[in-house]
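> Please read through the structure below; I'll follow up with questions.
Numbering (the numbering used here), first residue to last: 144 to 205.
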């Protein structure tokens, strides 16, 4: 995956996570709100993993 594609994916994941957090804040049912917060946390974790991949590229020539 190219650096640009990873950057765009990270941006999309962070946007989706923010959307889930906002929806959780408006959700009247605590169980559903908690589920949305869990989804947001998973999206943030995936975004962080991808960002590390950009900052610490694998040694291609090893």
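Even glycine gets a Cβ: it sits at the ideal position worked out from N, Cα and C.
If residue 167 sits next to residue 179, beta carbons under 8 Å apart, how far is it from one beta carbon to the other, in whole angstroms?
Yes, residue 167 and residue 179 are in contact; Cβ-Cβ is about 4 Å, under 8 Å.
> Cα separation between residue 192 and residue 177?
Roughly 23 Å separates the two Cα atoms.
> According to the neighbour-count rule (16 or more other Cβ atoms, all chains shown, within 10 Å of its Cβ), is residue 186 buried or exposed?
Classification for residue 186: buried.
> Under the three-state reduction of DSSP, which class applies to residue 199: helix, strand or coil?
It is coil, neither helix nor strand.
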